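Following this note's numbering, the numbering of the sequence shown begins with 1 at its first residue and continues without gaps. Data block below; observations after.
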Amino acid sequence: MTNVLEVDLTDPQLYTQGFPHELFTELRARGPVHRHEAVQGRPAIPPIPFWSIVAHPEIQQANRDWKTFEAKGGPMMAPDPLLSAGPTLVSMDPPEQAEMRRKITSEFTPRMIGRLEERITSRTEQILQATAGQTCDFVSDIAYQVPMHVIADIVGIPEDDRPWVFERTDLLLKSGNPYNGYTDEQRLGLQVELFEYAQRLTVEKRANPTDDVWTKLAGQLDGFELEMFFLILAIAGSETTRNALTQGLIALLDSPEQLAELRADPRAALTAADEAIRWAGPVLFFGRTATTDVTIGGQDVKAGDRVLFWYPSGNRDESVFADPFRFDIRRTPNPHLSFGGGGVHYCLGANLARKEVEAVFGAIAAGYDVELAGPPVWSGGGPVHNVGIGIDALPVRVTARA
């Protein structure tokens, strides 16, 4: 029998059908924190040792302790040169991070998202109507379109520009997986194209201000930090939400009694959204660097060590969640870690993501039947980046209910 502590967590074969929950359940049983030795020869995986934090309490503790576990270099397995090149929300800590976050936060409060609710509902209905009566790919035609259009509405991207921006963002996401066959030059080219688009959008908003987020940010941020925020907003605002929507839909269809309950009580869409986000665990991990020697989970971590917070593992922690492998649309409380464990790095888009998932599930429950038309196609690159697994395609048949 293989010793679970000797399993190589960088092996992409572990992630070909989603997150390896059985393996991480065994890891949690052996302790909350584990040392992982360096691995040589993995594409896009740095040959460095790291610590894995796999239990909910310790992930939450470390996630909130930004002084001990710094964000500098970004959330990947190793510091990312691109994110280290300039200030970005995902590679900064207070006080600089607090100042940048302050400039942005007002656009993502529950009150502001509440004002967007009608627009989110309208977009969702429009997208579902366009797929009704046909077989489509739930990922590309619904789960990707909803968050991308909502982000584009918030940012103020013209309708005519959206197909190009959406396509480039999707290609950039796929190019981050070395097993998809993209070259470094192609990935860099996609980044440059989106950076240049952000620059053009900024020039346009400054010349012709409108009532959108980008007009406001263009007056407060500049240069690299503005362009990087455009990239992060497009990626973070789409990839995590579409993974939560897709995996949540599969869980609903696998639990017809839960879907029937949602149809009977539309108010359950809010807790169903949080459960889908817990269930999917769309962010694989966040990487941090220890700034000082620290003991956590009984392990002595040294200053300079790289530490990974494995959020999907924390979301199945038996010590926190009753029956964690049951999809339960009524689960409450639901202290999942999919938006981080709280503190200064809590996800700015948490309220928006909840509202989007709630809108899609609510609309499906109210007016559509969705049937699987084939098996899911997984993207199983593993920890090549911190959103390294997800469902690339899910054929479904969408029917409007009479």
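Where is the CB? At the ideal position from N, CA and C, for every residue including glycine. Since this is a predicted model, take the numbers as computed values, not measurements.
Which class does residue i belong to by DSSP, given the choice of helix, strand or coil?
{"i": "Val396", "result": "strand"}
{"i": "Ala62", "result": "helix"}
{"i": "Gln97", "result": "helix"}
{"i": "Asp328", "result": "coil"}
{"i": "Gln40", "result": "coil"}
{"i": "Glu257", "result": "helix"}
{"i": "Tyr197", "result": "helix"}
{"i": "Tyr368", "result": "strand"}
{"i": "Gly374", "result": "coil"}
{"i": "Trp279", "result": "helix"}
{"i": "Leu348", "result": "coil"}
{"i": "Arg306", "result": "strand"}
{"i": "Val294", "result": "strand"}
{"i": "Glu70", "result": "strand"}
{"i": "Phe285", "result": "coil"}
Is residue i near the ligand COA, with its Cβ less than 7 Å from a heavy atom?
{"i": "Gly374", "result": "Because no ligand of any kind appears in the structure shown, any question about the ligand COA cannot be addressed here."}
Using beta-carbon positions only, say whether residue i and residue j come within less than 8 Å of one another.
{"i": "Phe275", "j": "Asn334", "result": "Rather than Phe, the amino acid found at residue 275 in this sequence is Glu. It is a contact, given that the beta carbons lie within the stated cut-off."}
{"i": "Ile59", "j": "Phe309", "result": "yes"}
{"i": "Val33", "j": "Ile296", "result": "yes"}
{"i": "Pro312", "j": "Thr10", "result": "no"}
{"i": "Ala198", "j": "Arg206", "result": "no"}
State the Cα-Cα distance for the pair residue i and residue j, rounded to the nearest angstrom.
{"i": "Gly223", "j": "Glu167", "result": "24 Å"}
{"i": "Thr414", "j": "Lys67", "result": "In the structure displayed, the chain extends from 1 to 402; residue 414 sits before or after that span and is not available."}
{"i": "Arg403", "j": "Pro49", "result": "The chain is shown from 1 up to 402; residue 403 falls before or after that span and cannot be answered."}
{"i": "Arg30", "j": "His385", "result": "26 Å"}
{"i": "Ala363", "j": "Gln134", "result": "17 Å"}
{"i": "Arg413", "j": "Phe24", "result": "The chain is shown from 1 up to 402; residue 413 falls before or after that span and cannot be answered."}
{"i": "Glu118", "j": "Leu128", "result": "15 Å"}
{"i": "Thr399", "j": "Leu221", "result": "45 Å"}
{"i": "Ala403", "j": "Pro282", "result": "Any question about residue 403 goes unanswered here, given that the chain covers just 1 to 402."}
{"i": "Glu227", "j": "Val307", "result": "28 Å"}
{"i": "Leu190", "j": "Val294", "result": "40 Å"}
{"i": "Gly287", "j": "Pro158", "result": "35 Å"}
{"i": "Leu229", "j": "Cys136", "result": "It is worth fixing the name first, because residue 229 is Phe in this sequence and not Leu. C-alpha separation (whole angstroms): 32 Å."}
Looking only at its chain, what residues have a beta carbon closer than 7 Å to the beta carbon of residue i, apart from the 5 residues adjacent to it on each side?
{"i": "Ile113", "result": "Asn351, Leu352, Lys355"}
{"i": "Phe339", "result": "Tyr346, Cys347, Ala350"}
Could you pull out every residue in the same chain whose Cβ sits closer than 6 Å to the Cβ of residue i, ignoring the five residues on either side in sequence?
{"i": "Arg263", "result": "Ala365"}
{"i": "Thr121", "result": "Ala359"}
{"i": "His336", "result": "Arg278, Asn315"}
{"i": "Ala143", "result": "Arg242, Leu245, Thr246"}
{"i": "Phe195", "result": "Glu227"}
Give every residue of the same chain whose Cβ lies closer than 8 Å to the Cβ of residue i, excluding the five residues on either side of it in the sequence, and list them in chain order.
{"i": "Pro178", "result": "Pro43, Ala44, Gly381, Val384"}
{"i": "Leu27", "result": "Val4, Leu5, His34, Ser52, Val54, Ser313"}
{"i": "Thr291", "result": "Lys67, Thr68, Phe69, Glu70, Ala303"}
{"i": "Arg187", "result": "Leu172, Ser175, Gly176"}
{"i": "Thr16", "result": "Trp378, Gly380"}
{"i": "Ala234", "result": "Met148, Ile151, Val165, Thr169, Leu194"}
Practice item. Pair every Cβ in the segment 246-263 with every Cβ in the segment 197-212, then say whether three or more of these pairs are closer than 8 Å. Key: no
Check your understanding: Is the segment 364-382 touching the segment 155-171, taking contact as three or more C-beta pairs under 8 Å?
Key -> no
Check your understanding: Hey, is the segment 313-329 in contact with the segment 95-106, meaning 3+ C-beta pairs nearer than 8 Å?
Key -> no
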